[in-house]
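Here the structure comes first, spelled out in C-alpha cells, and everything after it is commentary.
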Amino acid sequence: MLAGVGAIVAVEESSTTSRAPPEPPPRPIPKPLPPHGKVLLDAYYDSPAYSSRTAAIQAAYAAAAARNAVLECRAGRVYSLDTAALQLQPATPITIEGNGATFRSNWGKPRCIDFMRTVDYQTFHDIDIRDLIFDANHHTSPTAASAVGNVMSGGGIHSQRINATRITLRRCKWINVPYGTTGSYSCFALQSLHAP
C-alpha cells in the first residue's frame, strides 16, 4: 500500500513540475498614433500666416505631397483661389479628398488646378482627385481655359508637352464654366498632341 501511495505522490509531483509557466500580464493597449495619413486643408486655409488663400492651399498641397498623405477638404466648404490656380507639381503623387467641397476661381481665369510643367515631357502621375466641385466662376480667358488641366508656365497650351499617367477624377463636378462660341473653353483640357 505504501508503494501505491508513493506512486500517487510521484505522479502529483511530476504534474506540478511540468506545468506551463504562468501567462504574462496583459500588455496595455497602445495609444493610437497621431494621424499622419491626412493633411487638413482648413488648418492652412484659416491660418493668417499666408499672403493669400491660394498660397495657403498651395502650402497644404506641398505638406500633403511631402508626407504622401491625403489632402482633405471639409465637407461643403468653399475654398477661394484668389491669386492663381493650385499648381500640381510633376513627379508628385497626391490624393485630394474633396468631401463635396468647392474650389472656386476668384483670380480672373476659370482654372482651379494647373499641371505646372517647367520643361517638356515632365511626368505627372498618381493624382487622384475625389468628390470635389470646381467652380470656374464664369471667368473667361483669351486662350483655351479649363477648370482642371490647363498646362502652364510659358508659351501657349499647344506648345507644352507632358507625360500623364494614372490621373483620376472621381465624382467631380464642374459648375459655372463659360461657354465659348469658338470652342476655346472646356471643363477639362488635357490632350495628346502626338501619336502614341
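One point on numbering: in my numbering, the residue at position 92 of the sequence shown is 92, and numbering is uninterrupted. Even glycine gets a Cβ: it sits at the ideal position worked out from N, Cα and C.
For W174, DSSP records a beta bridge to F134. Out of R67, A62 and V39, the CA that lies nearest to the CA of G98 is found in V39. In this structure, L71 sits away from R53, with a CB-CB distance that is not shorter than 8 Å. Counting along the chain, the unbroken beta strand (DSSP E) around Q87 starts and ends at L86 to L88. G108 and A136 have their C-alpha atoms spaced approximately 9 Å apart. Looking at the DSSP output, L40 bridges to E72.
Nearest C-alpha to Q122 among I162, F115 and G100: I162.
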